[in-house]
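**Student:**
Number of protein chains: 6
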Amino acid sequence: MKRTVIPGRFQPFHLGHLHAVKWLLNRCDELIIAVCSAQKSHTLENPFTAGERILMIRETLRKEGVDPWRIMIAPVQDIEYNSIWVCYLESILPPFDSAASRNPLVIRLFKERGYSILQPPLTRREEYSGVRIRRMMLEGDDDWKKLVPEPVVEVIEHIGGVERLRELAKTDEVIRG
Amino acid sequence: MKRTVIPGRFQPFHLGHLHAVKWLLNRCDELIIAVCSAQKSHTLENPFTAGERILMIRETLRKEGVDPWRIMIAPVQDIEYNSIWVCYLESILPPFDSAASRNPLVIRLFKERGYSILQPPLTRREEYSGVRIRRMMLEGDDDWKKLVPEPVVEVIEHIGGVERLRELAKTDEVIRG
Amino acid sequence: MKRTVIPGRFQPFHLGHLHAVKWLLNRCDELIIAVCSAQKSHTLENPFTAGERILMIRETLRKEGVDPWRIMIAPVQDIEYNSIWVCYLESILPPFDSAASRNPLVIRLFKERGYSILQPPLTRREEYSGVRIRRMMLEGDDDWKKLVPEPVVEVIEHIGGVERLRELAKTDEVIRG
Amino acid sequence: MKRTVIPGRFQPFHLGHLHAVKWLLNRCDELIIAVCSAQKSHTLENPFTAGERILMIRETLRKEGVDPWRIMIAPVQDIEYNSIWVCYLESILPPFDSAASRNPLVIRLFKERGYSILQPPLTRREEYSGVRIRRMMLEGDDDWKKLVPEPVVEVIEHIGGVERLRELAKTDEVIRG
Amino acid sequence: MKRTVIPGRFQPFHLGHLHAVKWLLNRCDELIIAVCSAQKSHTLENPFTAGERILMIRETLRKEGVDPWRIMIAPVQDIEYNSIWVCYLESILPPFDSAASRNPLVIRLFKERGYSILQPPLTRREEYSGVRIRRMMLEGDDDWKKLVPEPVVEVIEHIGGVERLRELAKTDEVIRG
Amino acid sequence: MKRTVIPGRFQPFHLGHLHAVKWLLNRCDELIIAVCSAQKSHTLENPFTAGERILMIRETLRKEGVDPWRIMIAPVQDIEYNSIWVCYLESILPPFDSAASRNPLVIRLFKERGYSILQPPLTRREEYSGVRIRRMMLEGDDDWKKLVPEPVVEVIEHIGGVERLRELAKTDEVIRG
């Protein structure tokens with residue numbers, strides 16, 4: 107039994123993430139999707155709560171017909187302590203034997219603990235990017251909807267996600283200053 | 107769509123918990139099993155890690171033939187701050203409209219935030235008890251295996267859980283004293 | 107200008123506390139009432155939130171005709187680090203030159219940082235006791251209302267405080283076990 | 107009874123803040139001034155401790171003849187967890203029904219929890235700005251004293267606040283590098 | 107090169123600890139003495155600060171003529187997270203290949219991470235016990251001085267340690283109640 | 107007896123640090139080297155763990171023939187709370203009467219608590235700089251080895267420190283985005 111963990115922030119979960127998940131499901135038996143920075147939300151970099159992101163991922167994988175016993179989605183709060191982060195994942199997640207990432211820090215931390223690394227290939231990388239999608243939302247460009255799975259569009263519309271992002275971008279901060 | 111959250115420590119997940127889960131699945135569409143005190147393990151009260159407990163629950167529900175899209179299992183660390191604990195759950199879990207518990211604190215906290223409460227009936231309460239099961243493990247009484255689902259026995263045996271509990275119970279603490 | 111700090115949990119604020127406050131106001135210019143363990147609530151030992159406790163104290167002192175510019179009431183969260191606790195108070199409160207307490211730990215910590223200590227005399231100590239008042243609430247003995255200032259009774263009744271305490275005392279914990 | 111909370115860092119409390127407080131006191135019965143980032147001090151962005159900032163605000167409002175029973179000033183430490191921040195304020199402050207802010211994040215967070223928002227009008231916004239006042243202090247421009255209430259000048263001079271800020275701005279960091 | 111870590115609270119460092127240290131120095135090249143619960147002090151169980159405990163150990167080993175390059179003494183704060191505690195030690199201490207302890211939890215945690223365990227033999231265990239020494243201090247029995255190395259007596263007398271412990275044992279807690 | 111504390115991150119410990127240590131040992135009896143930001147590692151700014159940094163310093167001072175009873179090296183985690191940071195150092199370190207630093211924040215914090223400050227002179231400051239050494243490592247310029255003591259080179263080579271830094275600098279972050 108091969109179990110892989112894929113850590114990410116998924117702000118939001120987009121088609122690049124979905125392709126990575128599918129690619130990984132062809133290479134392992136079970137996949138743990140770790141929704142990192144679970145405590146972060148309501149910022150331009152991290153607009154959605156962990157609960158909202160988990161819902162996006164679940165509904166997408168359900169619609170895609172993925173075997174649900176082969177995936178697990180878990181919220182993971184930051185601990186701000188790189189050298190013990192992998193041990194922390196080991197403690198809150200079922201045992202895994204490899205990790206999937208293209209993030210250099212993540213790769214290095216898993217390697218130093220002896221894990222093998224899976225690097226999903228990039229799919230239309232310039233388009234499938236959280237930074238780009240959030241920017242499109244801010245600028246009123248509705249084409250972001252083509253870059254995420256349909257259920258993600260539904261979740262974001264249901265929670266008023268684009269409106270939230272735009273409100274957060276307003277810069278009148280006289281009180282705080 | 108009705109979604110319920112059932113918070114618990116599940117040290118370990120036993121037949122009482124399983125009955126509660128089945129009872130709840132007859133009353134809601136989706137059930138979030140919140141594995142609380144996720145940071146705790148290796149004590150007499152909390153011998154198993156969150157990852158181990160999640161594995162116990164997953165394998166049990168898989169074997170029971172539960173529809174996996176109707177359940178979600180998530181590790182939840184303690185925040186030691188009762189009055190905001192429900193808000194904390196709201197942030198890391200998909201939205202829920204009711205909570206299942208027989209714990210007075212849990213019930214009170216959800217009620218004060220306006221949630222309705224589901225109280226699963228007790229099934230052979232004296233037997234199906236985490237305290238009792240852990241005590242049987244300590245005392246070498248193998249009948250604890252009759253009080254938990256088969257997959258839980260397998261996980262505990264695989265990780266050497268009974269041996270762990272017994273080692274932790276030794277009381278020679280000269281160095282720490 | 108002499109400013110004194112009186113740290114306490116005030117669960118709830120009772121007549122013994124009120125006498126201590128008045129005694130202190132005769133001996134200093136300003137009094138900072140530090141509402142400690144601000145993060146704790148909804149337990150048998152700490153039933154009320156910091157916000158509720160602050161309201162009790164404010165309304166009591168308002169009714170007593172205390173000069174409001176001579177008092178300040180502040181929520182103070184625990185830091186679980188005794189040897190720096192006084193420095194922590196120094197950072198979040200206006201400067202003070204003495205501390206009022208009968209608690210040996212509190213007295214010792216302030217003394218080691220060079221503060222002088224004021225020890226308000228005990229007034230009907232067996233009666234004016236948080237432990238006793240909470241026990242009376244649990245046991246349905248309405249005489250607790252004679253042991254706290256009237257505005258405290260009003261706050262507790264308004265928030266359903268007695269009902270909260272009684273619900274928390276129920277001991278059926280099958281789910282958590 | 108209408109009670110409003112106004113969260114801010116007040117580094118330092120300036121005339122813009124004072125105008126906002128007065129405007130709010132014309133629209134509610136009581137005002138809670140939440141001194142946020144209470145754990146921060148001794149940086150260029152946050153030079154003053156929470157205790158120092160509370161003192162500035164108290165002395166200003168005392169001098170302005172504000173009714174002290176209509177205001178409350180409380181230190182509030184950051185929790186770095188946006189989606190539960192409002193619940194956190196609810197737990198440590200007396201109950202409030204609206205919030206005053208021009209900060210988009212603060213406004214959004216209160217709105218999502220169902221609070222109404224009061225937006226005090228801007229008064230000479232370019233001048234009354236914490237950023238600007240701190241810059242003037244650094245540059246030796248004593249006109250910052252015209253932008254804050256007199257008691258704030260006194261507190262800052264008493265604690266050597268301008269000297270502190272200037273010392274912190276020195277950039278010789280060979281040891282840390 | 108064999109390096110061993112010995113974790114303990116050392117409240118205070120007594121002759122049993124000293125014997126263990128010497129026994130270990132005969133079996134490894136370097137010994138890291140981890141002064142745990144570094145954040146705790148001023149309680150009956152943990153009267154001394156980490157700084158005070160480190161001083162006790164340093165002065166004792168200096169007087170005993172131990173080769174200082176073969177030992178290292180480090181303060182270690184609790185993390186309250188058993189399953190990652192060993193990883194945490196790995197991050198803040200130089201690399202070690204074994205651990206010395208008679209504490210069942212410590213032994214188990216190191217074993218699960220693959221470390222070998224050294225168990226120093228017990229020396230006059232009933233006498234050399236932190237619990238017993240602290241009780242003797244409380245009861246005014248000066249024979250505790252025979253159970254700790256001379257430099258430990260000197261440190262404790264210098265800081266007024268016995269007086270601190272006795273003050274902390276007073277039980278008049280009317281203000282906190 | 108004069109004991110001084112020198113706080114630093116030592117990422118890595120370089121010849122400038124070594125000169126400062128020697129200069130200080132000529133002016134005090136004992137020197138505590140506080141390895142700050144102990145929880146940080148595996149970033150471009152903070153590549154090495156506290157354990158690795160302690161090892162670098164120990165091996166350097168051993169080779170330099172420094173009297174080991176005159177130095178102490180301790181890991182110190184950040185608390186992100188400037189105004190109580192000195193109290194925190196007081197609690198985990200043996201008592202000290204002065205602090206050595208050229209960092210304005212550090213100097214200010216110690217001064218406000220009444221400590222005297224020692225400012226070691228700068229030695230070839232442009233060269234002996236952590237920022238510069240880390241940049242040289244990244245750029246493949248082996249001359250960094252001339253800027254740190256030989257034992258530091260050995261530790262860094264033993265742990266693959268340069269390779270770690272270079273891997274962390276890769277910028278392909280598609281999964282995290």
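Protein chains in written order, with our numbering: chain Y, 107 to 283; chain R, 107 to 283; chain G, 107 to 283; chain E, 107 to 283; chain V, 107 to 283; chain U, 107 to 283.
Positions of the beta carbon are idealized from the N, C-alpha and C atoms, including for glycine.
Remember, it's a predicted structure, so these values are computed and weren't measured experimentally.
So, at 8 Å on beta carbons, what are the nonlocal neighbours of residue 185 of chain G in its own chain, with the 5 sequence-adjacent residues on each side left out?
**Tutor:** 191, 194
**Student:** Judging by CA-CA distance, which residue of E:229, E:113, E:174 is the nearest neighbour of residue 135 of chain E?
**Tutor:** E:174
**Student:** Could you check whether residue 272 of chain R and residue 203 of chain R sit closer than 8 Å to each other, using their CB atoms as the reference points?
**Tutor:** Cβ distance not < 8 Å, so residue 203 of chain R and residue 272 of chain R don't count as in contact.
**Student:** Beta-carbon separation of residue 162 of chain V and residue 268 of chain V under 8 Å?
**Tutor:** Here residue 162 of chain V is not near residue 268 of chain V, since their CB atoms are 8 Å or more apart.
**Student:** Give a yes or no on whether the C-beta atoms belonging to residue 236 of chain V and residue 125 of chain V are separated by under 8 Å.
**Tutor:** no
**Student:** Could you give the DSSP three-state label for residue 227 of chain R: helix, strand or coil?
**Tutor:** coil
**Student:** Taking any Cβ of chain V, which residues in the segment 256-277 of chain R have a Cβ under 8 Å from it, in chain order?
**Tutor:** 270, 273, 274, 275, 276, 277
**Student:** According to DSSP, is residue 166 of chain G part of a helix, a strand, or is it coil?
**Tutor:** helix
**Student:** Kindly say whether residue 138 of chain U, judged by its beta-carbon, lies nearer than 8 Å to any beta-carbon of chain G.
**Tutor:** no
**Student:** Nearest chain Y C-beta to residue 211 of chain R closer than 8 Å, yes or no?
**Tutor:** No, residue 211 of chain R lies away from the interface with chain Y (no Cβ there is under 8 Å from its Cβ).
**Student:** Verify the CB distance criterion: does residue 241 of chain Y have a CB-CB separation below 8 Å to chain R?
**Tutor:** no
**Student:** What does the Cβ neighbour count give for residue 123 of chain G, buried or exposed, with the cut at 16 atoms within 10 Å?
**Tutor:** If you draw a 10 Å sphere on the C-beta of residue 123 of chain G, you find 16 or more other C-beta atoms in it, and that means buried.
**Student:** Does any residue of chain Y bring its CB to less than 8 Å from the CB of residue 283 of chain U?
**Tutor:** Caution applies to residue 283 of chain U, whose pLDDT of 39 falls short of 50 and renders its modelled position unreliable; the value that the coordinates give is listed next. Closer than 8 Å: yes.
**Student:** Suppose you measure from the CA of residue 144 of chain G to the CA of residue 140 of chain E; what does that come to, to the nearest Å?
**Tutor:** 15 Å
**Student:** Does the pairing of the segment 126-133 of chain U with the segment 211-230 of chain U give three or more beta-carbon distances under 8 Å?
**Tutor:** yes
**Student:** Is residue 249 of chain G helix, strand or coil when you go by DSSP?
**Tutor:** helix
**Student:** Can the beta-carbon of residue 198 of chain Y be found closer than 8 Å to that of residue 114 of chain R?
**Tutor:** no
**Student:** Please list the terminal residues of the continuous alpha helix (DSSP H) segment that includes residue 185 of chain R.
**Tutor:** The continuous stretches of alpha helix (DSSP H) do not include residue 185 of chain R, and DSSP gives it neither H nor E.
**Student:** Starting from residue 131 of chain V and walking both ways along the alpha helix (DSSP H), at which residues does that stretch end?
**Tutor:** Note, residue 131 of chain V: alpha helix (DSSP H), 121-131.
**Student:** Name, please, each residue of chain G whose Cβ falls closer than 7 Å to the Cβ of residue 193 of chain U.
**Tutor:** Here the neighbours are 190, 193.
**Student:** Using beta carbons (cut-off 8 Å, strictly below), is residue 143 of chain Y in contact with chain R?
**Tutor:** no
**Student:** Excluding sequence positions up to five away, which residues of its chain have a Cβ less than 8 Å from the Cβ of residue 188 of chain G?
**Tutor:** 211, 215
**Student:** What would DSSP say about residue 200 of chain V, mapped onto helix, strand or coil?
**Tutor:** coil
**Student:** Using beta-carbon positions only, say whether residue 205 of chain V and residue 244 of chain V come within less than 8 Å of one another.
**Tutor:** Residue 205 of chain V is not a Cβ neighbour of residue 244 of chain V, given a cutoff of 8 Å.
**Student:** What residue does the beta strand (DSSP E) around residue 109 of chain G start on, and which one ends it?
**Tutor:** 109-114
**Student:** Excluding five sequence neighbours on each side, which residues of the same chain lie with their C-beta closer than 6 Å to the C-beta of residue 280 of chain E?
**Tutor:** Low per-residue confidence applies at residue 280 of chain E: pLDDT is 39, beneath 50, and the placement is therefore not dependable, though the value from the model is reported in the following sentence. Nothing meets the Cβ criterion.
**Student:** Could you confirm whether any beta carbon from chain U is found closer than 8 Å to the beta carbon of residue 214 of chain Y?
**Tutor:** Under the Cβ distance rule, residue 214 of chain Y counts among the residues neighbouring chain U, one pair being separated by less than 8 Å.
**Student:** Is it buried or exposed for residue 240 of chain U, if we count other Cβ within 10 angstroms and need 16 for buried?
**Tutor:** buried
**Student:** Report the residue from E:142, E:148, E:133 whose alpha carbon sits nearest the alpha carbon of residue 265 of chain E.
**Tutor:** Nearest of E:142, E:148, E:133 to residue 265 of chain E, Cα basis: E:148.
**Student:** With DSSP as the reference, label residue 150 of chain R as helix, strand or coil.
**Tutor:** coil
**Student:** Does residue 221 of chain G have its Cβ less than 8 Å from a Cβ in chain V?
**Tutor:** no
**Student:** Helix, strand or coil for residue 206 of chain R per DSSP?
**Tutor:** strand
**Student:** Look up residue 143 of chain G in the DSSP assignment and say whether it is helix, strand or coil.
**Tutor:** In the structure shown, residue 143 of chain G falls within a coil segment according to DSSP collapsed to helix, strand and coil.
**Student:** Write down the C-beta distance between residue 118 of chain Y and residue 168 of chain Y rounded to the nearest angstrom, noting that I regard them as a contact closer than 8 Å.
**Tutor:** The Cβ separation is near 16 Å, so there is no contact.
**Student:** Hey, quick one: how far does the alpha helix (DSSP H) through residue 266 of chain V stretch, first residue to last?
**Tutor:** Run containing residue 266 of chain V: none; DSSP gives neither H nor E here.
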